[in-house]
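Visitor: Here it is, the structure in full.
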Amino acid sequence: MEEKKKQQRGEFSNKLEKHLKSENLAAVFAHAKDDKELDIQFRSNYINIYYKGGNILKISPKKTVINLEFDKFYFYLDAKNGKENLWTRKTNIKKALKGDNLYKAQLNKNKAKEIIDKLNREKNELIARLEKEGPAAYFSNAKHVMDEWFKHMKEEGIFRRNEKETQQKISLVNKSFKDSDIIVLDVEYAVSQKSSYGKKGTTPRADMIGLDKTGRIHIMELKYGIRSIKGSAGIVKHLEDFEQTIQKDSQGEFKSEMKWLLEQKKRYGLIEEKEAFISEEKAPVFDLVFCNLDADERKSMGEEYRKYEGRINHIFYLQDDSLYLKG
């Protein structure tokens with residue numbers, strides 16, 4: 020059997036393209052574009068709209084209609100089942116629904132079904148507001164739901180979002196070469212095992228993909244605060260993943276995908292630099308982006324990563340009040 024072709028970022032079906040031009044979806048897209056707290060990212064035949072690093076709306080084709088999705092677990096604030104982040108809570112409830120004995124004492128099947136039914140009702144009511152009242156009402160209410168969840172997680176000491184929020188802020192402010200040396204083309208890029216440069220048995224991720232004025236692609240690893248940098252092992256793993264995948268893309272498949280994504284983002288007005296391009300000659304490089312480090316911490320990081328000179332292209336040091344990617 021022939022292996023299914025990997026879909027590219029921003030490779031939309033005719034159905035999704037058509038619906039994006041419809042009055043209702045065009046209004047949603049326009050509102051999200053104008054809202055400085057929302058970041059639109061293209062995936063393979065679907066769109067994610069992010070708020071504070073969390074997915075506030077997913078737009079995807081489904082048979083003859085377009086599916087609008089909000090993660091119902093943002094409504095779930097019950098922390099009695101242990102110190103759980105969003106993904107752990109989902110997993111635990113899904114396991115309980117299947118009658119998994121591991122979670123029976125904490126969460127039985129009937130209780131899990133009650134929770135899911137309630138969350139689905141709340142989610143459906145929120146999505147209905149988008150269809151009845153328009154994007155302004157929807158995003159306002161969805162932001163409130165997510166803010167309550169973020170607040171609850173912070174109070175419980177369960178979930179720190181500094182890195183995700185900062186990633187989105189960097190993506191939002193670096194859309195033009197007017198104030199920055201690099202524009203952000205994509206976030207949370209996953210190297211598919213279906214690609215010619217994929218890594219068997221794993222799916223390495225890049226926090227951000229940037230593009231400079233010369234057409235060079237930058238694979239960027241973001242770390243927020245000194246606590247996120249526990250030695251160099253984690254960052255070195257990302258560097259090695261880059262060297263074993265994207266850097267070894269002899270067929271130019273990754274560049275081709277980024278070219279497609281760049282043109283799609285220009286077409287939909289998400290990249291302000293109309294002259295931005297991807298060079299055929301210049302190979303992608305690996306950068307580190309450290310945020311919220313003091314002077315001593317910067318010095319320490321500079322010394323730590325000097326031994327990787329030639330492998331790490333550049334280290335950016337950013338602060339919350341200045342997130343422009345300047346060399």
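Using the working numbering, you'd call the opening residue of the sequence shown number 20 and step up by one each time. Note that beta-carbon positions come from the ideal geometry of N, C-alpha and C, so glycine has one too. Keep in mind that this is a model prediction, so the values were computed, not measured.
1) Could you have a look at I290 and say whether DSSP puts it in helix, strand or coil?
2) Relative to the alpha-carbon of L312, which residue among Y327, E294, I334 and R330 has its alpha-carbon at the smallest distance?
3) Give me the Cβ distance between L241 and T185, rounded to the nearest whole Å; I'm assuming they're in contact under 8 Å.
4) Taking just the CA atoms, how far does K130 sit from L138?
5) How big is the Cα-Cα spacing for N100 and N127?
6) Whether or not the region 82-99 and the region 50-59 are in contact is what I'm after, with contact meaning three or more pairs of Cβ atoms, one per stretch, closer than 8 Å; do they touch?
7) Kindly list the residues whose CB is nearer than 6 Å to the CB of I75, restricted to its own chain and excluding five residues on each side of it in sequence; keep chain order.
8) Which residues bound the beta strand (DSSP E) around V210?
9) Following a CB-centred definition, is M277 positioned closer than 6 Å to any heavy atom of the ligand HEM?
10) Taking only three categories from DSSP, how would you classify L96?
11) Evaluate H237 with the Cβ neighbour count: other Cβ atoms within 10 Å of its Cβ, from every protein chain shown; 16 or more gives buried, anything less gives exposed.
12) For a test of the three-state rule: what should DSSP assign to N67, helix, strand or coil?
13) What's the gap between the Cα of A147 and the Cα of Y287?
14) Please state whether DSSP places D339 in a helix, a strand or coil.
15) Is the beta carbon of I331 less than 7 Å from the beta carbon of F309?
16) Do F196 and E300 come within 7 Å of each other at the CB atom, strictly closer than that value?
17) Would you call the CB atoms of Y93 and V164 closer than 7 Å?
18) If you compare alpha carbons, which of K114, K132, G271 and T264 is closest to A209?
19) List the residues that DSSP assigns as beta-bridge partners of Y243.
20) Suppose contacts are defined by Cβ-Cβ distances below 7 Å. Is I297 in contact with K274 by that definition?
21) Does E36 pass the burial test, meaning 16 or more other C-beta atoms within 10 Å, or should it be called exposed?
22) Checking the sheet assignment: what are the DSSP bridge partners for A225?
Guide: Taking the coordinates as given:
1) Coil.
2) Closest option to L312, Cα to Cα, is I334.
3) Contact between L241 and T185 holds: CB atoms are separated by about 7 Å, below the 8 Å threshold.
4) 12 Å
5) With a pLDDT of only 49 at N100, under the threshold of 50, the placement of this residue in the model should not be trusted, and no figure is reported.
6) no
7) I68 and A161
8) V210 -> no beta strand (DSSP E), and no H or E assigned at all.
9) Here there are no bound small molecules, and the ligand HEM is not part of this structure.
10) coil
11) buried
12) DSSP, reduced to helix, strand and coil, places N67 within a strand of the structure shown.
13) 26 Å
14) coil
15) The answer is no: Cβ separation not under 7 Å.
16) No. Outside cutoff.
17) yes
18) T264
19) C310
20) yes
21) Exposed, since its Cβ has fewer than 16 Cβ neighbours within 10 Å.
22) According to DSSP, residue pairing for A225 in a beta bridge involves Y208.
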